[in-house]
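Protein chains in written order, with my numbering: chain A, 1 to 684; chain B, 1001 to 1204.
Cβ atoms here follow ideal geometry from the backbone N, Cα and C, with glycine treated the same way.
None of the values given here were measured: they were computed from a predicted structure.
Structure record follows, encoded as structure tokens.
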């Protein structure tokens, strides 16, 4: 026995001694010197507030429940009020806030925005820990946390719901992680300046946090993601498009986890899965009874017509618009150029086309759309090859240029179909203005958006397509250009499904969250959220016309258990539609604001007029201690201007010493055991 | 009774014997692994240095070993006082992958080549090639030699420890600059810590 103790003690003491011997003090003493290392724009980066994010998502059927935990870490010796700006999917119903203080959980409540703010400010002033989550833009939120103690942290957990539709032959769970700073045309920056986008960002930051609150730096923010996938059917493949993950399978459930612990949050997370068997699941209706009312979610993807290439008798006029602003710097402009070149290559001799580029100003390749000839193709390729990213993001002049060209004269009895393909990262703050312009001037044209980069403004790109009666696609990496442009070509070239009509069993009159889409393109899903007076039974009939012929589909209705959150999803969708109506303006704006507020309070979701607030009743900060406000930076997209000019660190230690110590301890143990055996033999 | 005791003892001994053999086996494997890591670091440097001399003599792209997939880009010389009596010469490899780091310090391909205006970043293992960095002090001289045999001298202007989770190295510099990076603390047993020892040297 004595030998055992000796061996163990020897091992422990020797390893501790070795570990201690090397540890030199003074990490903080060595900070003076020249400014070579860029940690953030702060003077004292080591003490800066930072936020680490951990995301847990649970996908059940077509609905995802996501929990985002933000840990505010305050390494300084001051009491800090933290502010963090972060992206969320635009269609998400944010309904949950939990503040973790030590072991305690403090649940947040939905309140009218002003009331929530007042409650938060009061708690802050009296030294209580409090947190407030606001919607800044439809896909950009802020969290404020008051009274974070010196050298401590507070975790905030935010919960949201969203639908996961089947689009372009795949299901996609998209979790935005980084933010492309929004260019503000009103910021007073000379739009001709080469760094207009960067200057605007600097001005936005200096102007404070009320208008354009994003603050991006090259600082590393880390994220941890965990997804439980229970789609209810067998899967063919699960793939994470931009992160390396480990997937473990448990029957038809899958568990997806990011590989590695220090994953930078500098690109959006996209998880894609495809069902093993295609036909049955392209259509589904779920109905759920909540209290007195019933909510129904209808999702289907009309089958894609098995036809490749454009119809020969149709004449198209395609106007490409490409964003060459500063925020497109780096991989984004390369992806955009490649996408544009593919678009031009795809045109046929029947088509006409033009290319418009814009940054601080807009200019076009040809004065008017030209027929596709060898010469015009060569000119276009040369033009595309010369595009560089710099300057501001003035979208309106580019759109005006596109709409100003008179449509080509119709030939014979075939009308010309005008399609505008808009390639951008969507980094603007005047989203509503641009959408209004599209809605106003669209006429018979159709606008399709192509979202570029590691963290595009997805909300804006989708809204552009909705206003432009077109569709959208996203390209996040150079390798995706080909496949995603194929998805887009199908939408551009195949006739859309129009005149949609919905017939509920028993003549029920539903209240739809949004109107039925006017045009459904190849690969696009139809997602309908409805509030019904009673639980429907039987089948739902959806019909429409495509290319002159009638298309019809019967959908059986499945009743689900009342936990799926369809009511909240309906409310969120309805609020989105009301905001859209409100942005058109007019006399109804005030009334619509009232309706949005009322819906958000009734269904307990965050909106532009409601926020989540949580307060810890126990006072934390002593009255005489000062509170310092600080904004934790958000990651900028990888390769963007805000991430260039710096490099990271490699892993520069080998495990040799660890192996050696483990080896020596094991050898020592082995020898002692061996001698122990001989001693026992000797005693006998 | 005696028989019973005897049998119990036999079982007990054989268990201890087994444990001893397993422990000795594990010990040998671990020690061998550690020795191999250290040995590889030394052997690779020697082979690369030989290839470098061939390249300087005019042989086109000589390989240090037949399956090598990296090439040396410069020779780095650290002053004598850092490692012993003689100045330590190290072959710097192109591209900072984990595998290259086992063979020598590596040059970060995002940064400029050493000697050119801008910041040139070279990283190495704290417990093999770059162990000597802990002895570097402000004012020390560091030299690099390119394939053209010309030496370029740098003077250390800053030595500091940073947290790699929150810092990045600026690639811009007004002068030709060399940034040597290794893990910190030098004698930590478990690899993978967040701290880095960063030595900055500007061209003389």
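- The beta-carbon separation of residue 570 of chain A and residue 295 of chain A, rounded to 5 Å, stays under the 8 Å limit for a contact.
- Under the 8 Å criterion on CB atoms, residue 1026 of chain B is classed as interfacial with respect to chain A.
- Take the alpha-carbon of residue 338 of chain A and the one of residue 482 of chain A: they are about 9 Å apart.
- Take residue 1095 of chain B, set aside five residues on each side of it, and the residues of its chain with a beta-carbon closer than 7 Å to its own are 1070, 1106, 1109, in chain order.
- At a cut-off of 8 Å, the C-beta of residue 265 of chain A has no neighbouring C-beta in chain B.
- Every unbroken stretch of the beta strand (DSSP E) spanning 3 or more residues and falling wholly within the stretch 545–629 of chain A is given here in chain order: 549–559, 610–619.
- By the 16-neighbour rule on beta-carbons within 10 angstroms, residue 348 of chain A is exposed.
- Annotation: Cβ neighbours of residue 662 of chain A in chain B (cutoff 7 Å, chain order): 1030.
- Shown here, residue 116 of chain A sits in a helix according to DSSP, grouped into three states.
- Cβ neighbours of residue 105 of chain A within its own chain (closer than 6 Å, five residues either side excluded): 98.
- The CB of residue 1043 of chain B never comes closer than 7 Å to any CB in chain A; the least such distance is about 14 Å.
- Residue range 331–346 is occupied by the alpha helix (DSSP H) that includes residue 332 of chain A, with no beta strand (DSSP E) assigned at that position.
- The beta carbon of residue 334 of chain A sits closer than 7 Å to the beta carbons of 478 from its chain, once the five residues preceding and following it are set aside; these are given in chain order.
- Remark: fewer than three beta-carbon pairs, one from each stretch, lie closer than 8 Å, so the stretch 1187–1198 of chain B and the stretch 1138–1151 of chain B are not flagged as touching.
- The Cβ atoms of residue 373 of chain A and residue 272 of chain A do not sit closer than 8 Å to each other.
- Of A/267, A/606, A/47, A/518, the smallest CA-CA separation from residue 74 of chain A is found for A/47.
- Chain B has no Cβ within less than 8 Å of the Cβ of residue 176 of chain A.
- Looking only at A/368, A/318, A/607, the smallest Cα-Cα distance to residue 340 of chain A is reached by A/318.
- Residue environment: residue 1059 of chain B is assigned as exposed (fewer than 16 neighbouring CB atoms within 10 Å of its CB, all protein chains considered).
- Any Cβ of chain A closer than 8 Å to the Cβ of residue 1164 of chain B would place that residue at the interface, and such an atom is present.
- A Cβ-Cβ separation of about 5 Å places residue 135 of chain A in contact with residue 606 of chain A under the 8 Å criterion.
- Residue 336 of chain A is positioned such that its CB atom lies no closer than 8 Å to that of residue 267 of chain A.
- Taking a 10 Å sphere around the C-beta of residue 524 of chain A, we find 16 or more other C-beta atoms and assign the residue as buried.
- Of the candidates A/417, A/325, A/665, A/417 places its Cα closest to the Cα of residue 350 of chain A.
- Per DSSP, residue 1184 of chain B lies in no alpha helix (DSSP H) and is assigned neither H nor E.
- From the beta-carbon of residue 637 of chain A, no residue of chain B is found nearer than 8 Å; the closest lies around 15 Å away.
- For the 8 Å CB-CB criterion, residue 83 of chain A and residue 139 of chain A do not form a contact.
- Within 10 angstroms of the beta-carbon of residue 558 of chain A lie fewer than 16 other beta-carbons, which makes it exposed.
- Residues are counted here when their Cβ sits less than 9 Å from a Cβ of chain A; for the stretch 1174–1185 of chain B these are 1177, 1179, 1181, 1182, 1183, 1184, 1185, given in chain order.
- Put simply, of A/470, A/156, A/534 the residue whose alpha carbon is nearest the alpha carbon of residue 491 of chain A is A/470.
- Taking a beta-carbon distance threshold of 8 Å, residue 120 of chain A does not count as an interface residue toward chain B.
- Neighbourhood of residue 1201 of chain B in chain A, by CB distance below 8 Å: empty, with the nearest CB roughly 11 Å away.
- The C-beta distance from residue 516 of chain A to residue 500 of chain A rounds to 4 Å, short enough to fall under 8 Å.
- Looking at the DSSP output, residue 1154 of chain B sits in a beta bridge with B/1142, B/1203.
- Cβ contact annotation for residue 324 of chain A (same chain, cutoff 6 Å, sequence separation greater than five): 357, 359, 387, 389, in chain order.
- Pairing residue 1135 of chain B with residue 1081 of chain B gives a Cβ-Cβ distance under 8 Å.
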